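Participant:
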């Protein structure tokens, strides 16, 4: 059985606040737990008016504290924005509070614009270049402490915090294979190298203490509703958000509209349409066909579903339908 999981950005709809987004995310996580989703991951982004999950570890604690069994984690923490010791302590704390429920997904992108990246990282070039070393340093802090070890993650040392590598390119696929870590590919917004990255990861995987065989999870947008027309209309919020981001005008999640072509003609939308090409939008029957096709082509070990919609009730209904479709597929 292929697990289905959820990636949440704590979307902030137009006219709402971050507090509203956090309440909605916890409500979705509680429903997801009932619907049998495996994980609930939150993503680190900064200076984005429509995304409230900047302090990712704090939001993970909020969601984990309001749920009981679902795994909660980062999808991901952008490690170059932080020191490995700080992340080890944060996730060691989370793992101590919520044993065997915390995942640590790591990315090397900034999760923001270049000006904000500079405010976060100070030294952008060095931060990115040392990403592989930082991952290994983080693994070291989670290992059982050695006698006389001068620097320890307290809490953190000796705790079971599964590390994942996230990416949208061949770099993270190769690094995950070399370190023997599970790999999550962001096909939901960067599908270009998905198939090549999967092939590279699976063919070059080296077993490790954490993992004995490759394990690949794929991100995909799934917008489900009771009818195809309603799903397509809800999807226009996602499309508008991407278009606004490409225009350099990120904002809160806009309400759906009847015709996306009025907002942005197809000729001007090619890049956005390609970025969102790993999307399944429609009724339960349409979603079932789309997911079957995607899974047959990619053979994932797990799917990470995302749907950053304007209306919370529409988002709940979308994930409920996906859970029903999952049970039919599997």
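Residue numbers (the numbering used here): 162 to 491.
Note that CB positions come from ideal geometry on N, CA and C, so glycine has one too.
Please read all numbers here as calculations on a predicted model, not as lab measurements.
Give every residue of the same chain whose Cβ lies closer than 7 Å to the Cβ of residue 254, excluding the five residues on either side of it in the sequence, and list them in chain order.
Facilitator: Hits under 7 Å: 316.
Participant: So the beta strand (DSSP E) residue 216 belongs to, where does it begin and stop?
Facilitator: Run containing residue 216: none; DSSP gives neither H nor E here.
Participant: Between the region 182 to 197 and the region 383 to 392, do at least 3 Cβ pairs fall closer than 8 Å?
Facilitator: Touching, no.
Participant: Within its chain, find whatever has a CB closer than 8 Å to the CB of residue 177; leave out the 5 residues flanking it on each side and keep chain order.
Facilitator: Only 413 meet the Cβ criterion.
Participant: Assuming contact is defined by CB atoms lying nearer than 8 Å, are residue 361 and residue 335 in contact in what I supplied?
Facilitator: Yes.
Participant: What are the boundary residues of the beta strand (DSSP E) that residue 467 is part of?
Facilitator: Its beta strand (DSSP E) spans residues 463 to 467.
Participant: Specify the secondary structure class of residue 164 as computed by DSSP and reduced to three states.
Facilitator: Correct three-state label for residue 164: coil.
Participant: So, at 8 Å on beta carbons, what are the nonlocal neighbours of residue 269 in its own chain, with the 5 sequence-adjacent residues on each side left out?
Facilitator: Excluding sequence neighbours, residue 269 sits near 239, 240, 241, 289, 292, 328, 332 and 333.
Participant: Residue range of the alpha helix (DSSP H) that residue 296 falls in?
Facilitator: Residue 296 -> alpha helix (DSSP H) spans 292 to 303.
Participant: According to DSSP, which residues form a beta bridge with residue 379?
Facilitator: DSSP output for residue 379 lists 346 and 464 as bridge partner(s).
Participant: Suppose you measure from the CA of residue 490 to the CA of residue 449; what does that come to, to the nearest Å?
Facilitator: Straight-line Cα distance between these residues: approximately 7 Å.
Participant: Cutting at 6 Å between CB atoms, please list the residues of its own chain near residue 325, excluding the five before and the five after it.
Facilitator: Excluding positions up to five away in sequence, the list reads 266, 343 and 345.
Participant: Can you list, in chain order, the residues of its chain with a C-beta nearer than 6 Å to that of residue 338? Leave out the 5 residues immediately preceding and following it.
Facilitator: Excluding residues within five positions, the ones whose Cβ falls inside 6 Å are 362, 365 and 366.
Participant: Using three-state DSSP, classify residue 260 as helix, strand or coil.
Facilitator: Three-state DSSP puts residue 260 in coil, outside helix and strand.
Participant: Quick one: what does DSSP say residue 253 is sitting in, helix, strand or coil?
Facilitator: Note: residue 253 maps to helix in three-state DSSP.
Participant: For residue 484 and residue 197, what's the separation of their Cα atoms in angstroms?
Facilitator: Near 7 Å, if we compare the C-alpha coordinates of residue 197 and residue 484.
Participant: Could you check the C-alpha separation between residue 376 and residue 368 for me, to the nearest Å?
Facilitator: Distance between the alpha carbons of residue 376 and residue 368 is about 11 Å.
Participant: CA-CA distance, residue 488 and residue 482?
Facilitator: Each residue's alpha carbon lies about 10 Å from the other.
Participant: Express the C-alpha separation of residue 410 and residue 207 in angstroms, rounding to a whole number.
Facilitator: Taking the straight line from one Cα to the other gives about 14 Å.
Participant: Need the endpoints of the alpha helix (DSSP H) that residue 435 sits in, please.
Facilitator: Its alpha helix (DSSP H) spans residues 431 to 436.
Participant: Could you check the C-alpha separation between residue 398 and residue 216 for me, to the nearest Å?
Facilitator: Approximately 24 Å between the Cα atoms of the pair.
Participant: Residue 200: which of 236, 211, 423 and 173 sits nearest, CA to CA?
Facilitator: Ranking the options by Cα distance to residue 200, first place goes to 236.
Participant: Is residue 203 near residue 466, with beta carbons less than 8 Å apart?
Facilitator: The answer is no: Cβ separation not under 8 Å.
Participant: Anyone know if the C-beta pair for residue 230 and residue 205 falls short of 8 Å?
Facilitator: Taking 8 Å as the Cβ cut-off, residue 230 and residue 205 do not qualify as a contacting pair.
Participant: Given a threshold of 16 other Cβ atoms within 10 Å of its Cβ, counted over all protein chains shown, does residue 312 qualify as buried or as exposed?
Facilitator: Its Cβ having fewer than 16 others within 10 Å, residue 312 is exposed.
Participant: Roughly how many whole angstroms lie between the Cα atoms of residue 214 and residue 186?
Facilitator: When rounded, the distance between both Cα atoms is 10 Å.
Participant: Does the region 435 to 447 come close enough to the region 349 to 356 that 3 or more CB-CB pairs lie under 8 Å?
Facilitator: The answer is yes - the region 435 to 447 touches the region 349 to 356, with three or more Cβ pairs under 8 Å.
Participant: Looking only at DSSP bridge pairs, what is residue 265 linked to?
Facilitator: Paired residues: 235 and 324.
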